[in-house]
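If you read the sequence shown in our numbering, its first letter stands for residue 86, the second for the next number, and so on.
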Amino acid sequence: MTTKTKLILDCDTGTDDAVAIIAAAKHRDLELVAVTTVNGNVPLANVTENTLRVLDFIGESVPVYVGANRPIVRDDFPVPRSILNSGAAMHPEYLDLPVATSKPQDRSAVEFLIEYYSHEENQDTVLVAVGPLTNVGLALAASPELAQRIPRLVIMGGSRGWGNVTAAAEFNIWVDPEAAEAVFSAGIRDVTLVPLDATHDAPLTIEHCDRFRQIGTPAGIATDALIRHRIEGYRVQGETGAPVHDALCIAYLVHPEVLSDVHEWPIHVETRGERTIGQTVMDHRHWASEKPNARVALRADAQIFADFLADAFGA
Ligand code: RIB
Ligand code: CA
């Protein structure tokens, strides 16, 4: 019997975060220790309610800790949410699941992260961040020794040269660029970045949705609806499938071979540019003097990804 990989999932539950939660909670080789919520796709209260709705629907009792309701430095997104009006189609304010009956924990996400990792026996737990990096940045600022206590950090975010919220920036990094730069500069020893380049290389399709629904479990049925919603959102761009960004990070924990074209590069985040704020600047010059601070994957395999999800939903 393989030892389960323990993880904490920090998310801004939207539709792809929801699939990540389901896969992390259900796969036999994973132990979802806790979920922390952060302002992002939708306002914090919605993120937390959506997270609780997902866990209740699949019948999993996992502690949920509420995190930051705004970026670390700025009082809103670089373009306020009220003006931004992007992503609304992809992430409904409330997921179409029964209202949650479970409640979040009393402690905040930042207090939980600092206290959890202060115990040596917990320092084998992977931290997976699939929303803006505000909670991780705040925890590192309050307790810098956390950088040595988090054994592995997997981040969904960034991109090599293009963006989805602006021409240059990916949403998670863009929402809180100062937090993201602090996280990349903190010295965490094992950081893997799963950027848009990889997530868009493994889109899931209606055929995958049919497969998940036919499994017949609440996990498969919920995921079918969540991904169909995403596919509809991408259809306007002429796509026939949809990236399910956050869940790809969970697949990577069990099947690292799902990602390929992997490089070790120095990565930093633009925090000032008028048109480039939130861009992940990946220094791939072979003569770069700075040491790499992250592993970046640029490709992914949709078949391995879909098989992993089906395996999780059938559990
Ligand atoms: O850019 C994609 C990322 O932004 C995903 O994590 C999605 O859930 C949103 O948070
Ligand atoms: Ca997310």
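From the three backbone atoms N, C-alpha and C, an ideal C-beta is built for every residue, glycine too.
Query raised in the report: Can you pull the DSSP bridge partners for His63?
Result: Nothing about residue 63 can be reported from this structure: the residues present for the chain run from 86 to 400 only.
**Report entry** Helix, strand or coil at Tyr179 according to DSSP, with G and I counted as helix
**Finding:** Residue mapping note: residue 179 aligns to position 94 of the sequence shown, counting from 1. Looking at Tyr179 - three-state DSSP - the assignment turns out to be coil, as it is neither helix nor strand.
Report task. Using alpha carbons as the reference points, say which of Ile389, Val329 and Leu94 lies closest to Gly152. Result -> What you label residue 152 is simply residue 67 of the sequence shown in a count that begins at 1. Taking Gly152 as reference, the option from Ile389, Val329 and Leu94 with the minimal CA-CA separation is Leu94.
**Report entry** Heavy atoms of ligand 1 versus C-beta positions, residues under 6 Å
**Finding:** Asp97, Gly99, Asp101, Asp102, Gly125, Asn126, Val215, Gly216, Met241, Asn249, Glu255, Phe256, Asn257, His330 and Asp331
Query - Nonlocal neighbours in the same chain, by C-beta distance under 6 Å from Asp160, ignoring five residues either side - result: To locate residue 160, count along the sequence shown from 1; it is residue 75. No residues qualify anywhere along the chain.
Requested in this report: Alpha carbon to alpha carbon, how far is Ala103 from Arg138? Give it in angstroms, no decimals.
Outcome: Translated into positions along the sequence shown, residue 138 becomes position 53. Translated into positions along the sequence shown, residue 103 becomes position 18. Approximately 9 Å between the Cα atoms of the pair.
**Report entry** Nearest candidate by alpha-carbon position, reference Leu344, set Ala373, Asp368, Ala283 and Gly358
**Finding:** Within the sequence shown, residue 344 is the residue found at index 259, counting from 1. Comparing alpha carbon positions, the residue from Ala373, Asp368, Ala283 and Gly358 closest to Leu344 is Ala283.
Query - Coarse secondary structure for Val164, derived from DSSP in three states - result: The residue labelled residue 164 in the question sits at position 79 within the sequence shown. Coil, per DSSP.
**Report entry** Range of the contiguous alpha helix (DSSP H) that encloses Glu200
**Finding:** Along the sequence shown, one-based indexing puts residue 200 at 115. It spans Ala194 to Tyr202 - the alpha helix (DSSP H) in which Glu200 sits, taken as one unbroken run.
Requested in this report: Would you grab the beta carbon distance between Gln322 and Ala253 for me? Rounded to a whole angstrom, and I think it's under 8 Å.
Outcome: Taking the sequence shown and counting its residues from 1, the one referred to as residue 322 is at position 237. Taking the sequence shown and counting its residues from 1, the one referred to as residue 253 is at position 168. About 18 Å; that fails the 8 Å criterion.
Query - Euclidean distance between Cα positions of Arg296 and Val329 - result: In the sequence shown, the residue the question calls residue 296 occupies position 211. In the sequence shown, the residue the question calls residue 329 occupies position 244. The alpha-carbon atoms of Arg296 and Val329 are separated by roughly 16 Å.
Query raised in the report: Among Tyr337, Trp372, His353 and Leu140, which residue has its Cα nearest to the Cα of Val184?
Result: Numbered from its first residue, the sequence shown carries residue 184 at position 99. Taking only the C-alpha atoms, the option nearest Val184 is Leu140.
Query raised in the report: If you draw a straight line from the C-alpha of Pro303 to the C-alpha of Phe142, how long is it?
Result: Against the sequence shown, residue 303 aligns to sequence position 218. Against the sequence shown, residue 142 aligns to sequence position 57. So the alpha carbons of these two residues sit roughly 7 Å apart.
Query raised in the report: Mapping DSSP to helix, strand and coil, what is Asp295?
Result: Here residue 295 refers to the residue found at position 210 of the sequence shown. DSSP places Asp295 in helix when its eight states are reduced to three.
Query raised in the report: For Ala109 versus Leu117, is the C-beta distance shorter than 7 Å?
Result: Reading the sequence shown from its first residue, position 24 is the one you call residue 109. Reading the sequence shown from its first residue, position 32 is the one you call residue 117. A contact, by the Cβ cut-off of 7 Å.
Report task. Answer yes or no: do Phe269 and Ile352 have a C-beta to C-beta separation smaller than 7 Å? Result -> Reading the sequence shown from its first residue, position 184 is the one you call residue 269. Reading the sequence shown from its first residue, position 267 is the one you call residue 352. In this structure, Ile352 lies closer than 7 Å to Phe269 by Cβ.
Requested in this report: Locate the alpha helix (DSSP H) running through Thr100, then write down its first and last residues.
Outcome: Within the sequence shown, residue 100 is the residue found at index 15, counting from 1. Where Thr100 is concerned, the enclosing alpha helix (DSSP H) stretches over Thr100 to Lys111.
Report task. In angstroms with no decimal places, state the Cα-to-Cα distance between Arg320 and Glu292. Result -> Residue 320 sits at position 235 when you count from the first residue of the sequence shown. Residue 292 sits at position 207 when you count from the first residue of the sequence shown. Distance between the alpha carbons of Arg320 and Glu292: 15 Å.
Query raised in the report: Arg245: buried (16+ other C-beta within 10 angstroms of its C-beta) or exposed?
Result: Residue 245 sits at position 160 when you count from the first residue of the sequence shown. Looking at its Cβ environment, which holds 16 or more other Cβ atoms inside 10 Å, Arg245 is buried.
Query raised in the report: Cα separation between Val211 and Leu92?
Result: Here residue 211 corresponds to residue number 126 of the sequence shown, with the count starting at 1. Here residue 92 corresponds to residue number 7 of the sequence shown, with the count starting at 1. If you take the alpha carbons of Val211 and Leu92, they lie about 5 Å apart.
Requested in this report: Take Glu324 and list the residues in its own chain whose beta-carbon comes closer than 8 Å to its own, dropping the five residues that flank it on each side.
Outcome: Position 239 of the sequence shown, counting from 1, holds the residue named residue 324. Excluding residues within five positions, the ones whose Cβ falls inside 8 Å are Pro288 and Ile316.
Query raised in the report: What does a CB cutoff of less than 6 Å around Ala214 pick up in its chain, not counting 5 residues either side in sequence?
Result: In the sequence shown, residue 214 corresponds to position 129, counting from 1. Correct list, in chain order: Asp95, Val221 and Ile240.
Report task. Express the C-alpha separation of Val132 and Ile389 in angstroms, rounding to a whole number. Result -> As a working mapping, residue 389 is identified with position 304 in the sequence shown. As a working mapping, residue 132 is identified with position 47 in the sequence shown. When rounded, the distance between both Cα atoms is 28 Å.
**Report entry** Close Cβ partners of Ala264 (< 6 Å) along its chain, the five nearest in sequence each way excluded
**Finding:** Counted from its first residue, the sequence shown places residue 264 at position 179. Listed in chain order, the non-local C-beta contacts of Ala264 below 6 Å within the same chain comprise Ile157, Leu218, Thr219 and Gly222, local neighbours out to five positions each way being set aside.
**Report entry** Val195 versus Thr356 - alpha carbon distance
**Finding:** Locating residue 195 in the sequence shown gives position 110, where the first residue counts as 1. Locating residue 356 in the sequence shown gives position 271, where the first residue counts as 1. Roughly 23 Å between the two C-alpha positions.
Query raised in the report: Buried or exposed: Asp275, going by 16 or more other Cβ atoms within 10 Å of its Cβ?
Result: As a working note, residue 275 is residue 190 in the sequence shown. It is exposed - the Cβ of Asp275 has fewer than 16 other Cβ atoms within 10 Å.
Report task. Look at Gly318 and Met175 and say whether their C-beta atoms are less than 7 Å apart. Result -> As a working mapping, residue 318 is identified with position 233 in the sequence shown. As a working mapping, residue 175 is identified with position 90 in the sequence shown. Result yes, Cβ atoms of Gly318 and Met175 sit closer than 7 Å.
Query raised in the report: Relative to the alpha-carbon of Glu134, which residue among Pro177, Val164 and Arg155 has its alpha-carbon at the smallest distance?
Result: Numbered from its first residue, the sequence shown carries residue 134 at position 49. The candidate whose alpha carbon is nearest that of Glu134 is Pro177.
Requested in this report: Answer yes if the region 227-236 comes into contact with the region 329-339, meaning at least three C-beta pairs across the two stretches below 8 Å, and no otherwise.
Outcome: no
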